[in-house]
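First the structure, in the form of structure tokens, and then the observations on it.
Chains as they are written, first to last, in the numbering used here: chain G, -4 to 604; chain B, -4 to 604.
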């Protein structure tokens, strides 16, 4: 009772199934919910490029411009490709569905498996990064980094359990504020440069030859920069959450997000170059630009604040996409069925809860340190990207609809770029991401084992008309008794009322004297019920009882008799009182039910005080 | 199966109940097991005195000698008093039993409650202190202090689950080695002083007046020193573990322990004074004396090593005493009955496991830092000490056996000293031990609530001949069905074989179409079984089902009919596969059993693959 009131308070009243339509997303809300992951990566993506270049020297910073252009091309290719996926698969599912339908089940599982893990990483990485931003501003909070991050995960989980639109209403503000903040920053920054209020402070001009610059480092910097593109696929997974016309609205939202992302990304990369920003462990690149532009005034703190907020909210993208992907995998029977159940508020609550728990475990395991997680996360994202694009290529080749050649070319470019980036990741950062090669096959293996189990169960449960069931010729009832009490009396009365062919009461004695004493008392109390007493030398009730039941069952089954064990159980008035009793009934019941072919009947005796 | 092999490996084969005698303790083993707590306090007791005196100045160190003599007097009084308790209560139980029998139940519960908590503190404090000693020797281990302590607790818990004598064999060596090590240290130390190899280096002569020395500080130092006496009561609690004649053997062991403790304590206090040892955060007093005497050679490391070992093993005293005290409290129905059960190895395994878990929680909560726990622990010990001695006074006054006056005087002195020390603790260290005043009443309250529950249950279960049970006039069986499968068929066959007055199959539909479809299929499949379909608007199976069962139950109970819910359940071949199914049967069963007055029957359908 109390539990359910707390639940009501935290996540709201239960919703009827037919209220589902009201929970759908408008374009503006969808942009807020589904693009916070992608947009937030602007806060760290450009910096990742500079960090790699800095390993060669400050003179290499000009390379950030061509690399930035490369990332923009990649972004354009991805956005166009995913736009095609949205229209081709309006029911959602993204990389998993596309790969499964076009490249076969195993390709689909590779995509689905890596996305599932990636969404967990999204949550852990974003929340940890956002917490970092906050504790940088308030150093007193630093020792509570992990705790703070966990509190945020719990809050976001609760928001999502309340339901998609309600969380959107709350989450929309920070996302738009972040876009606004960076927009102002970029515009004012360039205005200052144009009017000469700020002098450009370029480290080295474009084209300066740099000692030690290799293709390897260039590729590494490029792959680091492309980590700013994680989260682009979220919209294509979540089409069913959109208001009708879902596909059209999703496509428009995707284009809008692409535009924002391109603008913010190029603005930050350019300003960083013109201001001569160098990577600094203590201060982020965005923070340096903001300080240079506004000084440590209101706007600076506004930018820092919205950045921290959006980083934490980026986690929410994971919460929108993970449960939907899980539904797709569960429908195909590769993960447990529980992911199909809609909770009180119509969200797929099991997916939401599992995602929350898994990310808290990751945060604890990595102590909220993001640097080890980001490469894993980025590399993991580009595997399903590649598979989805390749799947689309196959689809166009096979179906050849009107104008398929343009579509084919777009997806081919997308596939080629994504595949290259995946390769670059494995070549340049193998030390950090080798574990993917172990976990991914393991996950696929688990998917297949689960699937095999569901198939087997289905076959065994299906009614095939030809088989006639064995009829039960009679019933034998065994009643384990622990003493001469009302609970036992109650159970015996019930057993008698079923008028079975035989009732046997069984008493397990620990000592010889107890055995005789009990037999005599029983004869006086229930002379018409047969009593069997068993000796237990190892203080276990279950073992002698099981042995006895085995003997009875063997004889009974020869004559097609069914054995029922009737277990007397008293139920305390308050549930906490259960720990005061040894729960032997529960133990016996569980053991017998799972191990033996007997029917278990529990006769409750409700205590009144 | 696998679980039970692991258990076998860790704690050994199960023992028969009649093998109990073989597990009893000889005097030498008992000394090792039951006195490690008391003896180990020599490693920190003298130092506690010096730390308090140091707050006034080094000139105050000479006060450690009169304080030391005070502690010795206290020790003598305690040993003599407890010797009398052993002979008066040879069945064991110590402070709890003595207070209960002579001062009334509530005094007994105060003693029992504080001892229960104290044994948990014993384990946490000793293991943490021992771990500190180890990580001081190997600073690289320092960041893993908490983890190391937890590993030790787990190891000691496992040893104790193996059984009392087997752990004694292992634990005897370190205790005797520790006694040997300190004995050599004291003898050689005095030999050096006598021969003039080491010059005495006294800070200030005995009797030097000290500025700022107050009675408060003196009392504080005395109470700190008396923390060396914790653990003295352990033997009196554990008499049933001794070989026959138990009481005599226990008394001899107690005297032996008292002698050892007095010798080691006074030796260390004297040497510390003569060597002019000052308390040092980095190096313990014993370590300073050892270094002065032997230099950093083999003997030094031998002394440090055995000290660390005995500190960790002192925890074992808690493991011997806690389960036995718990048995006494459980027999009187103040704590859950499960503490009465002997495990596979005949130890009271539930007590052992709960103690292990509770101390791990304390270690985690206090991050293995002992300084906050020791005062709490020492103060908690002197409360039951006082109660036990007062109880003995009352006993002698009431019974007046031969020579009772001497006995009365001994216990009166003991009671007076213990009471004074308790007072001193509360006056001089209130800031550290106030929480006792909250927790102790709370524990007593819980004891009483548990007791009340057991009394109430006993009354309700007792067969009183006058009451005739209500006879069951007929049976109605409700079978919740989820589909048309072999599992359901199986359950229906069973229900039919019981030939009840009515069988009702119930189907919960989430959508209108599903409802009609199912009704038609059912008519074709089981035309003779009545089907009721229910609509669920909130995607819950339990709610509509419960409502329906309520209606049926109300009508049935008017006519003294019994309602049985037959739940079809398929049992997967491997238990891990259970997480792949939604466990609706289990949920329905648990909910109905605890909330409604219906009999629950589970018909298993064992899957074969």
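For every residue, glycine included, the Cβ atom is placed at its ideal position computed from N, Cα and C.
Fair warning: this is a prediction, and the values are worked out from it, not measured in the lab.
Legend entry - Length of the line joining the Cα atoms of residue 560 of chain G and residue 545 of chain G: 12 Å
Legend entry - residue 20 of chain B - partner residues in DSSP beta bridges: B:237
Legend entry - C-alpha distance - residue 121 of chain B paired with residue 506 of chain G, whole-angstrom precision: 39 Å
Legend entry - For residue 203 of chain B, three-class secondary structure by DSSP: coil
Inset, instruction - Give the DSSP bridge partners of residue 563 of chain B, in chain order. - result: B:598
Legend entry - Residues that DSSP places opposite residue 470 of chain G in a beta bridge: G:557
Inset, instruction - Scan the region 580 to 599 of chain B for residues whose Cβ lies nearer than 7 Å to a Cβ of chain G and list them as they occur along the chain. - result: 588, 589, 592, 594, 595, 596, 597, 598 and 599
Legend entry - Exposure of residue 331 of chain B, with buried meaning 16 or more beta-carbon neighbours within 10 Å: buried
Legend entry - Inter-residue spacing [alpha-carbon to alpha-carbon] between residue 138 of chain B and residue 280 of chain B: 24 Å
Inset, instruction - Check whether the Cβ atoms of residue 251 of chain G and residue 230 of chain G lie closer than 7 Å to each other. - result: no
Legend entry - Any C-beta of chain B under 7 Å from that of residue 560 of chain G: no
Legend entry - According to DSSP, residues forming a beta bridge with residue 332 of chain B: Paired residues: none, contrary to the question.
Inset, instruction - Could you tell me which residues DSSP puts in a beta bridge with residue 503 of chain G? - result: G:529
Legend entry - Sheet register partners of residue 498 of chain G (DSSP bridge): G:472
Legend entry - Cβ pair residue 205 of chain G, residue 59 of chain G closer than 7 Å: no
Legend entry - chain D contact for residue 577 of chain G (CB, 7 Å cutoff): Within the model displayed, chain D is absent; protein chains G and B are what it includes.
Inset, instruction - Give me the Cα-Cα distance between residue 475 of chain G and residue 502 of chain G, rounded to the nearest whole angstrom. - result: 6 Å
Legend entry - residue 533 of chain G versus B:227, B:338 and B:306, residue with shortest Cα-Cα distance: B:338
Inset, instruction - Give the DSSP-derived three-state secondary structure of residue 457 of chain B in the structure shown. - result: strand
Inset, instruction - Measure the alpha-carbon distance for residue 282 of chain B versus residue 290 of chain B and round it to whole angstroms. - result: 10 Å
Inset, instruction - Pull up the distance between the alpha-carbon of residue 301 of chain B and that of residue 117 of chain B, whole angstroms please. - result: 18 Å
Legend entry - Any C-beta of chain B under 7 Å from that of residue 518 of chain G: no
Legend entry - Separation of residue 566 of chain G from residue 466 of chain B, as counted between CA atoms: 21 Å
Legend entry - Cα-Cα separation, residue 217 of chain B to residue 382 of chain B: 21 Å
Legend entry - Residues that DSSP places opposite residue 480 of chain B in a beta bridge: G:457
Legend entry - As assigned by DSSP and simplified to three states, the class of residue 363 of chain B: coil
Legend entry - Sequence-distant residues of its chain with Cβ nearer than 6 Å to residue 430 of chain G (five each side left out): none
Inset, instruction - Check the Cβ of residue 467 of chain B against every Cβ in chain G and list those closer than 7 Å, keeping chain order. - result: 488, 489 and 492
Legend entry - Burial state of residue 492 of chain G, where buried means 16 or more other Cβ atoms lie within 10 Å: buried
Inset, instruction - If I'm right that residue 274 of chain B touches residue 425 of chain B with Cβ under 8 Å, what's the distance once you round it to whole angstroms? - result: With a Cβ gap of about 23 Å, residue 274 of chain B and residue 425 of chain B do not count as contacting.
Inset, instruction - Using only alpha-carbon positions, find the residue among B:414, B:92 and B:202 that is nearest to residue 377 of chain B. - result: B:414
Legend entry - Cβ neighbour criterion (16 or more within 10 Å) applied to residue 95 of chain B: buried
Legend entry - Length of the line joining the Cα atoms of residue 420 of chain B and residue 190 of chain B: 41 Å
Legend entry - Rounded straight-line distance, which links the Cα of residue 410 of chain G to that of residue 384 of chain G: 5 Å
Legend entry - Backbone secondary structure at residue 228 of chain B - three-state DSSP: coil
Inset, instruction - Note down, in chain order, every chain G residue with its Cβ under 8 Å from the Cβ of residue 604 of chain B. - result: 451 and 455
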